[in-house]
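Trainee: Can you keep this structure in mind? I'll have questions shortly.
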Amino acid sequence: MSRRLLVLRVNGLAREAAVDEHHTLLEVLREDLHLTGTKHGCELGECGACTVLVDGEPWLACLTLAVDVEGCEITTVEGLAAPGRPDPLQSAFAELGAAQCGYCSPGMLVSARALLDANPSPTRDEVRHALAGNLCRCTGYEAILDAVLLAADRDGSARAAAHVAGGGDRGDR
Amino acid sequence: MTVDPSRTDDLAVVGTRRPKIDAMARLTGEARYADDLSMPGMLVGRQLRSIHAHARIRSVDTSRAEALPGVVAVITGRDVPIAYGVLPVSQDENALAVDRVRYVGEPVAAVAAVDEETAEQALRLVSVDYEPLPAVLSIEDALDPSGVLIHGEGQGANVHKAVALEFGDVDAGFAAADLVREDVFSFAGNTHAPLEQPATLAALGGDGRLTVWSATQAPHYLHRALARVLELPSSRIRVVAPPVGGGFGAKTDILPHEVAAAKLAMVTGRPVKITLTREEVFHSHRGRHPVQMWVRTGFTSDGRITAMHFRSLLDGGAYGSFGVASTYYTGALQTTTYRIPAYRFEGLRVFTTKPPCGPKRGHGTPQPRFAVERHLDRAAEELGLDPVELRLRNAVEPFSRTVNHLRITSCGMRACIEEVVSASGYHGKKGHLPRGRGVGFAVSAYLSGAGLPIYWNDMPQSEVHIKVDRGGGVTVFSGATDIGQGSTSTLATIVAEILGLQPEDLAMVTADTDLTPVDLGSYSSRVTFMAGNAAIDAASKLARLVAEGAAQRLGVPPEELVFRGGQVAVRGDPRKSLSWAQAVRAASARGALMTSGVYWAPEMAGPYRGSGVGISPAYSYSAAVVEVATDPETGEVSVEEVWIAHDIGRAINPVLVQGQVEGSVYMAVGEALMEEQSFRRQGVHRGPSLLDYKLPTTLETPKIHTILIEEPDPEGPFGAKEAGQGPLLPVIPAVAAAVEDALGVVVHEVPITPDRLLRALRAGHRGKAPVIGPASVPSFEFGEPERVQPPVGSPAEVAVP
Ligand code: FES
Ligand code: FES
Chain A
172 MSRRLLVLRV NGLAREAAVD EHHTLLEVLR EDLHLTGTKH GCELGECGAC TVLVDGEPWL
232 ACLTLAVDVE GCEITTVEGL AAPGRPDPLQ SAFAELGAAQ CGYCSPGMLV SARALLDANP
292 SPTRDEVRHA LAGNLCRCTG YEAILDAVLL AADRDGSARA AAHVAGGGDR GDR
Chain B
2 MTVDPSRTDD LAVVGTRRPK IDAMARLTGE ARYADDLSMP GMLVGRQLRS IHAHARIRSV
62 DTSRAEALPG VVAVITGRDV PIAYGVLPVS QDENALAVDR VRYVGEPVAA VAAVDEETAE
122 QALRLVSVDY EPLPAVLSIE DALDPSGVLI HGEGQGANVH KAVALEFGDV DAGFAAADLV
182 REDVFSFAGN THAPLEQPAT LAALGGDGRL TVWSATQAPH YLHRALARVL ELPSSRIRVV
242 APPVGGGFGA KTDILPHEVA AAKLAMVTGR PVKITLTREE VFHSHRGRHP VQMWVRTGFT
302 SDGRITAMHF RSLLDGGAYG SFGVASTYYT GALQTTTYRI PAYRFEGLRV FTTKPPCGPK
362 RGHGTPQPRF AVERHLDRAA EELGLDPVEL RLRNAVEPFS RTVNHLRITS CGMRACIEEV
422 VSASGYHGKK GHLPRGRGVG FAVSAYLSGA GLPIYWNDMP QSEVHIKVDR GGGVTVFSGA
482 TDIGQGSTST LATIVAEILG LQPEDLAMVT ADTDLTPVDL GSYSSRVTFM AGNAAIDAAS
542 KLARLVAEGA AQRLGVPPEE LVFRGGQVAV RGDPRKSLSW AQAVRAASAR GALMTSGVYW
602 APEMAGPYRG SGVGISPAYS YSAAVVEVAT DPETGEVSVE EVWIAHDIGR AINPVLVQGQ
662 VEGSVYMAVG EALMEEQSFR RQGVHRGPSL LDYKLPTTLE TPKIHTILIE EPDPEGPFGA
722 KEAGQGPLLP VIPAVAAAVE DALGVVVHEV PITPDRLLRA LRAGHRGKAP VIGPASVPSF
782 EFGEPERVQP PVGSPAEVAV P
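Quick note, the sequences are listed as chains A and B, same order. Counting in the numbering used here, the first sequence runs from 172 upward without gaps. Counting in the numbering used here, the second sequence runs from 2 upward without gaps.
Quick look at the structure:
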């Protein structure tokens, strides 16, 4: 086993860690960088709980070697909110009950962030497909789909009207 | 001042849609679940698991593992020889097998090492000398008198529990019937698969006290078991449940790794954490029992039930777990939906050499609910009655007694039925959709908390403490565990309502045996009802203390004060008021502001053994209509839409109630169509992974229309009943009914996998009966039932026409 000094850019900061080369990004985030917000439900690429953004794309951190993403921009759930200013997705998830146990949420949120960045006003079906790799065992997904659409709506109105729209009703229910 | 907990008008926070108070913590990565915890010097624990379904352990040699650098300790069954079990009657499990293994995946040894790689390597160096014994994998095998005994030596039937009860005169009921119908059903076993893999961190303090942080739904039961197995006074053990990443029953039993982590921490003197791999979660199991069922019911020609005889056979797996309760549950709740004047129940649980089954959402009741609802559909066909009408004709009355001594209070079943039937357009669709599409309907009921604790005691089922600091800060202490259902938020909302505050104003301390009073746990849908009532009691006492201080200051009697909007004001004269903080200061001058509240369920048990299972202070009711689209070429079924009405009594927070309903529907769809815990011939799990164990993704989950029926329950907190389990129950039979409507097959078994459906369709093409389901159930001689006199006022007293 060889170890290597690695510089990872995580949530906008350069983070240095001496890591085992065979360790996954998931292990390095959680164990070396103490960013335990990213979860794991299988460590086999089956559940999506470990999803993080690598250069804006959703990646499964459990299937990614940390050494392979040196130099990339990595975003975890801890990096979604600016201090005191949650990502619209986080607010919408909270309002609509899209996080029950919350264990799938870190992965869901970053997957949804990637979707909205690429497609700011997705249809419900597009959200459904974008999140098909993220398992949730609690919610039945309805609240999650609603929350992503609500956040997209608010993102849109924020862009249009330069202010954040209010209201907390569930999407297109 | 007086607080009326059944008050349902003029509520400030109860009943409002709002985020959970801990939502943001769970959405930002701030919440720390068990596996997120770490400590300096922490060791990684791993367990060696049996490769045999059944074997004697001749010896375990740990010397090579112990010699591996980086290994700090290796323990085996000899180090934890005391057997335990969550039920007092089933103390049959060891954290590490002592001289025999009874399922593939049963822990045999555990190691603590400096890192995961070393721990894994150490496991490979432990050698276990096994003498294989025959695997016992089915109910039939388990009952073979010449087969091997799984518990004990020699040959015989592996009966764990057999019950036979009769309430009222069943023979007379059948004799009076115009139609007597029999059907058989099968429900496959499945598992909870919470997204969080269970994890436990244990550490011994310098003071010799042991702290165990564990992803558990029931810290109190874990606390008791640890004291027993580790031979420590419970005052030397602290159990803390951090935020839990989903449970559904998976984390209610005492799991072997919880004991192993604690023992390793004691042996090494260092913190030890064991996190199960996903494969291990499938071995840990405690999930839905596979159940085979036979039911016979008599009806009058106009569809009234005259008697029912229900028989269930449960494949329990290797150990007792909650199995005795599960067995009774398969017979207990049939009478909570329908007026059954005479009822016989026979239930059997056998041991097999597979991972132990236990409680999963609905505990022991989804299987019989599936059978009874399908059976009623069959009867409706034969009687020429509409299935909805048949249910309505037999619907149980509110505030009545069942023949098996269950006390029914509020009952919104009729409202649930009417709402879903009309919202879904059921009658316009049934039998009228194009071939391949269909609708199905079913109803159900569930407990709002088990009426008795798991071990007999006369202490309260829940206690809540509230402490107020002089600045007005309120801290609520509850033993209830938030597993994602939102119990912490629900309790905060209840306390805030009474004190006139906002839920977000409160500090919540939960699920920590050092700090919080006992709550029995997050199981049997008991927390809102039981901890909620204890919270009302504690908050009302606190409000009284604060009112007395404020009253003195305001010069009015305390009875005239109301708590609202952060103010303590004179009723009808809001200008005469104190802020909450001022009122607290005035009250603090009179003494400490700390109160305790308790909840005891009323005495409800009937006059027979087993009557403790099924009783509950209130039952929730649900009704569902399911619409499916099927593909007769591939056998695939897609659940398109589900309409579900749930009688919640009162939604403390409709967002959370809706979430529980939708999550239940989702889980039911998985159980109806794809989820199955199945094993190969030698007892090896067929696919212990989230790819092989199929569960619904966003793509398989239907559109869900939730309708909440709020008919406040007189004993529920602000009228509330449960939401976490009941809504799962009607969906599974309704899916089956919808598939029947779509394709004309008979569905008496779940899951309805494509291969099962195709087989039935092919049989139909060959002119045979297109049936998914068993032809018979294994036979067992139950003997004479215990005859129980029905209670006064039960349907037994109404003469059969
Ligand atoms: S932990 Fe990476 S996909 Fe499950
Ligand atoms: S909220 Fe629990 S797994 Fe999604």
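For every residue, glycine included, the Cβ atom is placed at its ideal position computed from N, Cα and C.
Does Val469 (chain B) come out as helix, strand or coil in the three-state DSSP assignment?
Mentor: If you number the second sequence from 1, residue 469 (chain B) lands on position 468. Looking at Val469 (chain B) - three-state DSSP - the assignment turns out to be strand.
Trainee: Using the Cα positions of Gly317 (chain B) and Pro360 (chain B), report the straight-line distance between them to the nearest angstrom.
Mentor: Here residue 317 (chain B) corresponds to residue number 316 of the second sequence, with the count starting at 1. Here residue 360 (chain B) corresponds to residue number 359 of the second sequence, with the count starting at 1. Distance between the alpha carbons of Gly317 (chain B) and Pro360 (chain B) is about 11 Å.
Trainee: When you compare only the Cα positions, how much space is there between Ser690 (chain B) and Gly304 (chain A)?
Mentor: As a working mapping, residue 690 (chain B) is identified with position 689 in the second sequence. As a working mapping, residue 304 (chain A) is identified with position 133 in the first sequence. If I take the Cα positions, the gap works out to 15 Å.
Trainee: Find the residues of chain B that neighbour Leu280 (chain A), judging by a C-beta separation of less than 8 Å, and give them in chain order.
Mentor: Taking the first sequence and counting its residues from 1, the one referred to as residue 280 (chain A) is at position 109. Neighbours of Leu280 (chain A) on chain B, chain order: Leu28.
Trainee: If you measure from the CB of Gly250 (chain B), is any heavy atom of ligand 2 nearer than 8 Å?
Mentor: Numbered from 1 along the second sequence, position 249 holds the residue referred to as residue 250 (chain B). Checking every heavy atom of ligand 2 against the Cβ of Gly250 (chain B), none is found closer than 8 Å.
Trainee: Would Lys431 (chain B) be called buried (16 or more neighbouring beta carbons within 10 Å of its own) or exposed?
Mentor: Within the second sequence, numbered from 1, the residue matching residue 431 (chain B) stands at position 430. Classification for Lys431 (chain B): buried.
Trainee: Tell me whether the beta-carbon of Phe186 (chain B) lies closer than 9 Å to the beta-carbon of Phe371 (chain B).
Mentor: Against the second sequence, residue 186 (chain B) aligns to sequence position 185. Against the second sequence, residue 371 (chain B) aligns to sequence position 370. Less than 9 Å separates the beta-carbon of Phe186 (chain B) from that of Phe371 (chain B).
Trainee: Give the residues of chain A in contact with Val245 (chain B), contact being defined as C-beta atoms less than 9 Å apart.
Mentor: Here residue 245 (chain B) refers to the residue found at position 244 of the second sequence. Per Cβ cutoff of 9 Å: Cys272, Tyr274.
Trainee: When the distance is taken between beta carbons, is Tyr447 (chain B) closer than 9 Å to Glu723 (chain B)?
Mentor: Within the second sequence, residue 723 (chain B) is the residue found at index 722, counting from 1. Within the second sequence, residue 447 (chain B) is the residue found at index 446, counting from 1. Result yes, Cβ atoms of Glu723 (chain B) and Tyr447 (chain B) sit closer than 9 Å.
Trainee: Shortest alpha-carbon distance to Val181 (chain B) belongs to which of B:Ile306, B:Phe564, B:Leu277?
Mentor: By 1-based counting over the second sequence, the position of residue 181 (chain B) is 180. Per the Cα distances, B:Ile306.
Trainee: Would you check whether ligand 1 has a heavy atom nearer than 8 Å to the C-beta of Lys210 (chain A)?
Mentor: Walking along the first sequence from the start, residue 210 (chain A) turns up at place 39. Within the cutoff, so yes.
Trainee: Where do the N-terminal and C-terminal ends of the beta strand (DSSP E) with Pro575 (chain B) fall, by residue?
Mentor: Here the question's residue 575 (chain B) lines up with position 574 in the second sequence. It spans 574 to 580 - the beta strand (DSSP E) in which Pro575 (chain B) sits, taken as one unbroken run.
Trainee: At a CB-CB cut-off below 8 Å, which residues of chain B make contact with Pro257 (chain A)?
Mentor: As a first step, residue 257 (chain A) must be located in the first sequence, where it is residue number 86. Here the neighbours are Met25, Leu28, Thr29.
Trainee: Taking the beta strand (DSSP E) that Tyr131 (chain B) falls in, what are its first and last residues?
Mentor: For the purposes of this step, residue 131 (chain B) is taken as the residue at position 130 of the second sequence. Its beta strand (DSSP E) spans residues 128 to 133.
Trainee: What's the call for Gly242 (chain A), buried or exposed, on a 16-neighbour Cβ count within 10 Å?
Mentor: Position 71 of the first sequence, counted from the first residue, corresponds to residue 242 (chain A). With fewer than 16 other Cβ atoms within 10 Å, it is exposed.
Trainee: Contact defined as beta carbons within less than 8 Å: I believe Cys417 (chain B) pairs with His647 (chain B). What is the distance between those atoms, to the nearest angstrom?
Mentor: As a working mapping, residue 417 (chain B) is identified with position 416 in the second sequence. As a working mapping, residue 647 (chain B) is identified with position 646 in the second sequence. Indeed, because the Cβ distance is near 7 Å, the residues count as touching under 8 Å.
Trainee: Which residues, taken in chain order from the stretch 243 to 255 of chain A, show a beta carbon closer than 8 Å to some beta carbon of chain C?
Mentor: Reference to chain C is not applicable here, since the protein chains of this structure are A and B.
Trainee: Identify the continuous beta strand (DSSP E) that holds Arg379 (chain B) and give its terminal residues.
Mentor: Reading the second sequence from its first residue, position 378 is the one you call residue 379 (chain B). Not the beta strand (DSSP E): Arg379 (chain B) falls in the alpha helix (DSSP H), residues 367 to 384.
Trainee: Go ahead and label Gly745 (chain B) buried or exposed: buried means 16 or more other beta carbons lie within 10 angstroms of its beta carbon, across all protein chains shown.
Mentor: Taking the first residue of the second sequence as 1, we reach residue 745 (chain B) at position 744. Exposed, because fewer than 16 other Cβ atoms sit within 10 Å of the Cβ of Gly745 (chain B).
Trainee: Answer with buried or exposed for Glu701 (chain B), where buried requires no fewer than 16 other C-beta atoms within 10 angstroms of its C-beta.
Mentor: Translated into the one-based positions of the second sequence, residue 701 (chain B) becomes position 700. Result: buried.
Trainee: Under a three-way DSSP split, which group does Asp208 (chain B) fall into?
Mentor: Along the second sequence, read from residue 1 onward, the residue named residue 208 (chain B) stands at position 207. The answer is coil: DSSP assigns Asp208 (chain B) none of H, G, I, E or B.
Trainee: Three-state secondary structure (DSSP) at Ile753 (chain B)?
Mentor: The residue labelled residue 753 (chain B) in the question sits at position 752 within the second sequence. Here Ile753 (chain B) sits in coil by DSSP.
Trainee: Ser479 (chain B) CB to nearest chain A CB: under 9 Å?
Mentor: As a working mapping, residue 479 (chain B) is identified with position 478 in the second sequence. Closer than 9 Å: no.
Trainee: Counting only runs of 3+ residues fully inside the stretch 166 to 215 of chain B, write out the beta strand (DSSP E) ranges in chain order.
Mentor: 180 to 188, 200 to 205, 211 to 215
Trainee: Grouping DSSP H, G and I as helix and E and B as strand, with all else coil, what is Ile22 (chain B)?
Mentor: As a first step, residue 22 (chain B) is located in the second sequence; it is residue number 21 there, counting from the start. Ile22 (chain B) falls in the coil class under three-state DSSP.
Trainee: Please determine whether the Cβ atom of Gln271 (chain A) lies at a distance below 8 Å from any heavy atom of ligand 2.
Mentor: Taking the first sequence and counting its residues from 1, the one referred to as residue 271 (chain A) is at position 100. The answer is yes for Gln271 (chain A).
Trainee: Any heavy atom of ligand 2 closer than 8 Å to the CB of Thr310 (chain A)?
Mentor: As a working mapping, residue 310 (chain A) is identified with position 139 in the first sequence. True, at least one ligand heavy atom lies under 8 Å from that Cβ.
Trainee: In the stretch 286 to 317 of chain A, which residues sit with their C-beta less than 9 Å from some C-beta in chain B, listed in chain order?
Mentor: Those residues of the stretch 286 to 317 of chain A that come within reach of chain B (Cβ to Cβ, closer than 9 Å) are Val298, Arg299, His300, Ala301, Leu302, Ala303, Gly304, Asn305, Leu306, Cys307, Arg308, Cys309, Thr310, Gly311, Tyr312, Glu313, Ala314, Ile315, Leu316.
Trainee: Measuring straight from C-alpha to C-alpha, what distance separates Glu464 (chain B) and Gly452 (chain B)?
Mentor: The count along the second sequence starts at 1 and reaches residue 464 (chain B) at position 463. The count along the second sequence starts at 1 and reaches residue 452 (chain B) at position 451. If I take the Cα positions, the gap works out to 15 Å.
Trainee: Using 9 Å as the limit for Cβ to Cβ distance, is Tyr447 (chain B) near chain A?
Mentor: Against the second sequence, residue 447 (chain B) aligns to sequence position 446. With respect to chain A, the C-beta atom of Tyr447 (chain B) has no partner C-beta closer than 9 Å.
Trainee: Using 8 Å as the cut-off, classify the Cβ of Glu217 (chain A) as near or not near the heavy atoms of ligand 1, replying yes or no.
Mentor: The sequence position of residue 217 (chain A) within the first sequence is 46, counting from 1. Glu217 (chain A) Cβ: within cutoff of ligand 1.
Trainee: I want to verify the contact list: residues of chain A whose CB lies under 8 Å from the CB of Tyr85 (chain B), in sequence order.
Mentor: Here residue 85 (chain B) refers to the residue found at position 84 when the second sequence is read from its first residue. Chain A residues near Tyr85 (chain B): none, gap ~27 Å exceeds 8 Å.
Trainee: Could you compute how far the alpha carbon of Leu316 (chain A) sits from the alpha carbon of His706 (chain B)?
Mentor: Taking the first sequence and counting its residues from 1, the one referred to as residue 316 (chain A) is at position 145. Taking the second sequence and counting its residues from 1, the one referred to as residue 706 (chain B) is at position 705. C-alpha separation (whole angstroms): 14 Å.
Trainee: Is the stretch 212 to 232 of chain B close to the stretch 258 to 275 of chain B, with three or more CB pairs under 8 Å?
Mentor: Of all C-beta pairs linking the stretch 212 to 232 of chain B to the stretch 258 to 275 of chain B, three or more are shorter than 8 Å, placing the two stretches in contact.
Trainee: Please classify Met279 (chain A): does DSSP put it in a helix, a strand, or coil?
Mentor: For the purposes of this step, residue 279 (chain A) is identified with residue 108 of the first sequence, where counting begins at 1. Residue state, collapsed to three classes: helix.
Trainee: Compute the beta-carbon to beta-carbon distance between Ser623 (chain B) and Leu709 (chain B), rounded to the nearest angstrom, for a pair I have assumed lies under 8 Å.
Mentor: Residue mapping note: residue 623 (chain B) aligns to position 622 of the second sequence, counting from 1. Residue mapping note: residue 709 (chain B) aligns to position 708 of the second sequence, counting from 1. Not a contact, Cβ separation roughly 11 Å.
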